[in-house]
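Here's the structure, in structure tokens; my notes come after.
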Amino acid sequence: MTTNIQEYEDVFIRNLAILAEFRDPNVNIHLERVRRYCEIICDGLGLPENTIKQISIASQLHDVGKAAIPDEINFKSGELTDEEWKASKTHVNLGYKFLGEFSSPHFEIAQEIAISHHERWNGSGYPNGLTKEKIPLSGRIVGVVDTFDALTSERSYKKKISPFDALDLLNNSKGKLFDPNIVEIMNLYFVEILKVFDELN
Ligand SMILES: [Fe+2]
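Note that this note's numbering numbers the sequence shown so that position 141 is 168, with each residue one more than the last.
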């Protein structure tokens, strides 16, 4: 793949991700933060440069399946009913299926992230209840940074908390909900994380 085609694909992925969540006015900046946080974690983990790029670019498509979920569920201001919660959770399978229509390394990783970013270290996540390293690394990374971003972002149904309080929550869930190694990297590189937080909030 030439550089030009790669650049084209990067832009295409970004636009596709924005389009999928277009009805959310905060989506552009949320996706940019998730991408940048992923870069920091991947770098901290010592992953090869190409893998860092692939995971961080593909991370922007983690919630692409939400495009197929009704607005009244995606943007509900109160708590979801059991039925709505069940429907909301299907965004991971829908994203996986949709991204399977494309074929390139970026989309393969995007598929992996879409299906696994709500799996949790202790098996309490969805859709497959995978545990520990059975969850793909890319999904474990996006699981942590997406949670951090959700905690530090205002939503119609919840208040935001400070990045320091969000880090405390992640630390308390380390080895339970989240890969302890990734949370450790989050602590080690928190100055970098805060720079992105300040720049993009
Ligand atoms: Fe999600």
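No residue lacks a Cβ here, since even glycine has one placed at the ideal position from N, Cα and C. Fair warning: this is a prediction, and the values are worked out from it, not measured in the lab.
Using the DSSP secondary-structure output, state which residues sit across from residue i in a beta bridge.
i	result
residue 205	201
residue 50	Paired residues: none, contrary to the question.
Taking the alpha-carbon of residue i as reference, which of the options has the nearest alpha-carbon?
i	options	result
residue 114	77, 181, 154	154
residue 223	172, 162, 206	172
residue 44	34, 58, 199	58
residue 204	106, 147, 181, 174	147
residue 86	64, 99, 227, 179	64
Check whether the Cβ of residue i lies closer than 7 angstroms to any heavy atom of ligand 1, and answer yes or no.
i	result
residue 133	no
residue 51	no
residue 57	no
residue 90	yes
Where does residue i sit, in a helix, a strand or coil, going by DSSP?
i	result
residue 147	coil
residue 185	strand
residue 153	coil
residue 45	helix
residue 216	coil
residue 136	helix
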